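For reference, the structure discussed in these notes is given below.
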Amino acid sequence: MASEEDWTWKFSPRAANQFKGLDTHVQDRIVSKLDEIVDSEWRDPDDFVEPLTGGPFSKLRIGQYRLACVLDYDESILEVHRIEHRSGAYTADD
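Numbering of the sequence shown is given in the working numbering, commencing with residue 3 and proceeding in unit increments.
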């Protein structure tokens, strides 16, 4: 059952820059899915994400895109840190 805390989501500065470079259709799809996750009455946000091995992030799949996220349980915030096309989402670039 979903928690009683109201969840919200936000982009890190890096994710915000990546988001700006996406097509409007993709942006709409990402925002719609993030809203669905934080507004879900019957599921917690962690039901939607999959932990990644060897790091602090969880993976959220939205169409052809992968979002690296962190769930901040203290603040009830889904923090999006990276947005990448799936073809390059799992390569080290920094």
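Every residue, glycine too, gets a C-beta built ideally from N, C-alpha and C.
All figures in this text were calculated on a predicted structure; none of them were measured in a lab.
Open item on the list: Going by beta-carbon coordinates alone, are V51 and S42 separated by less than 7 Å?
Closed with: no
TODO: Out of G23, D8, T10, I39, point me to the one whose CA is closest to I85's CA.
DONE: Taking only the C-alpha atoms, the option nearest I85 is G23.
- [ ] Specify the secondary structure class of L24 as computed by DSSP and reduced to three states.
- [x] L24: coil per DSSP, three-state reduction.
Open item on the list: One question on the structure: do L69 and L80 come within less than 7 Å of each other, judged by their Cβ atoms?
Closed with: no
Task: Endpoints, the beta strand (DSSP E) within which E43 is located - done: That residue, E43, is in no beta strand (DSSP E); it is neither H nor E in DSSP.
TODO: Output the residue ranges of the alpha helix (DSSP H) runs that lie fully inside the region 46 to 79 and measure 4 residues or longer, sorted by chain position.
DONE: The alpha helix (DSSP H) runs lying completely inside the region 46 to 79 and spanning 4 residues or more number zero.
Open item on the list: When you compare the CB positions of A17 and H83, do they come within less than 7 Å of one another, or not?
Closed with: yes
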